[in-house]
Amino acid sequence: MNEAKYIWMDGKLIDWKDAKVHILTHTVHYGNAVFEGTRAYQTEDGLAIFRLNEHCKRLYNSAKIVAIKPNMEYDVVKEAHLEVLRSNDFTENVYMRPIIFLGYGQMGVHHVKAPVQTAVAAWEWGAYLGEDELEKGIKVCTSSITRNPNRSTFGKAKAAANYLNSQMAKYEAIENGFEEALMLDENGFAAEGTGECLFIVRDGVLISPPNDNSLESITQATVLELAKEAGIPIERRNITRDEIYICDEAFFTGTAAEVTPINSLDHRVVGNGARGPMTEHLQSAYFDVVFGRNPKYKHYLTYI
Ligand SMILES: Cc1ncc(COP(=O)(O)O)c(C=O)c1O
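Shown next as structure tokens:
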């Protein structure tokens, strides 16, 4: 990975190599931690974090959901994002990983006495699913793994433990020769990718499932806002896998994945087998926003 110089931990910047934890760190054993994936882009006016407020809000909401009492004030952690970017000499676009986790000092499943720690790391990271794939799209399979069910996990939390499911689905997809997995919910409707939300286009209508079985995605919300502004008709409703086989366009959205076209699902070519026109329009509008080229959305950027 692209190492940087400093990581922020519990109130101070420390050398990247010193940002370590004990082997009996509670989170390592029982999986309770909450984190964010946030991006900062090199704009004309310097590095700027995209939708920092929304990411910080989701981080603290996630902590509330999984009953972790943060050890650091909200504003301090928000500011830490800026400190991390200012102290490292980034020349490329950056991915940021704030995490609130349970540290060393208490073992056993009951977690409330475990000490809470907070860190914010950042490193240079390009397109998550590939630069070329932003144009040619990715090959997706329907996963044999059901998306974490609402009866047993908390899907509105971006919690570490939720990602075992995503990790297994991603592993299966890659081993089977695909680039990403689409997980279905317990009723067989499309839920989300392993780190992305789904969109399809049918007859000029942009369709995305409700967030009942997905993370409340910040990228999805941004794309929906851009689509609304462009006068594109929008539907939020359930989608079945066979509807994706016959749709005109499909794409994934996520902070890491940005707007990535899906060129096939389960070996059925989707639309023209590459990036469709509406996907291209929304992708380019999204990049204009995150790179600060659209003045209307400057309020989504926090310049360092
Ligand atoms: C499981 C899952 N769904 C959806 C998303 C997309 O969310 P966002 O657009 O806020 O990054 C992510 C990424 O954070 C994710 O991990």
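Residue numbers (the numbering used here): 210 to 513.
Glycine residues also receive a C-beta, built at the ideal position from the N, C-alpha and C atoms.
All figures in this text were calculated on a predicted structure; none of them were measured in a lab.
- DSSP, reduced to helix, strand and coil, places Tyr337 outside both helices and strands of the structure shown, so it counts as coil.
- When only Cα atoms are considered, Val479 and Pro486 end up about 13 angstroms apart.
- Per DSSP, Leu233 lies in no beta strand (DSSP E) segment and is marked neither H nor E.
- Judged by DSSP secondary structure, Phe496 falls within the alpha helix (DSSP H) whose first and last residues are Pro486 to Val499.
- Where Cys265 is concerned, the enclosing alpha helix (DSSP H) starts and stops at Leu261 to Ile274.
- Ranked by Cα distance from Lys278, the options Gly364, Ala242, Lys287 and Pro307 are led by Ala242.
- The closest CA to that of Ser493, considering only Gly482, Leu338, Pro470 and Leu510, is found on Pro470.
- Counting the other Cβ atoms within 10 Å of the Cβ of Lys505 gives fewer than 16, which makes it exposed.
- In the DSSP assignment, the residues bridged to Pro307 are Val329.
- Residue Glu388 holds the alpha-carbon nearest to the alpha-carbon of Glu342 among Glu388, Lys379 and Ala272.
- Contiguous alpha helix (DSSP H) elements confined to the stretch 422 to 485 occur at 427 to 438 and 450 to 454, taking only those with 4 or more residues.
- Cβ neighbours of His490 within its own chain (closer than 8 angstroms, five residues either side excluded): Ala439.
- Segment contact: the stretch 445 to 463 against the stretch 251 to 264, fewer than three CB-CB distances shorter than 8 angstroms; contact not assigned.
- For Gln376, the enclosing alpha helix (DSSP H) begins and ends at Tyr372 to Glu384.
- DSSP places Glu401 in the uninterrupted beta strand (DSSP E) bounded by Ala399 to Gly402.
- Here Ser271 has Val243, Ala366, Lys367 and Ala368 as same chain residues with Cβ atoms under 7 angstroms from its own Cβ, once five neighbours each way along the sequence are excluded.
- With three or more CB-CB distances shorter than 8 angstroms, the stretch 310 to 329 counts as touching the stretch 224 to 241.
- Taking one beta carbon from each stretch, the stretch 418 to 437 and the stretch 398 to 406 have 3 or more pairs nearer than 8 angstroms; the two touch.
- Taking 7 angstroms as the cut-off, the beta carbon of Ala378 is found closer than this to the beta carbon of Ala390.
- Here the stretch 437 to 452 lies against the stretch 406 to 418, with 3 or more beta-carbon pairs under 8 angstroms apart.
- Boundaries of the beta strand (DSSP E) harbouring Lys221: Lys221 to Asp224, taken from the DSSP string.
- Contact check for Ala382 against Cys406 fails: the beta carbons are separated by 7 angstroms or more.
- In its chain, beyond the 5 residues on either side, Thr351, Ser352, Thr355, Arg356, Ala399, Ala400 and Arg450 have a beta carbon closer than 8 angstroms to the beta carbon of Leu393.
- Cβ neighbours of Glu301 within its own chain (closer than 6 angstroms, five residues either side excluded): Glu333.
- Counting only the Cα atoms, Ala466 lies some 6 angstroms from Leu338.
- Around the beta carbon of Gly501, a 10 Å sphere encloses 16 or more other beta carbons of the protein chains shown; the residue is thus reported as buried.
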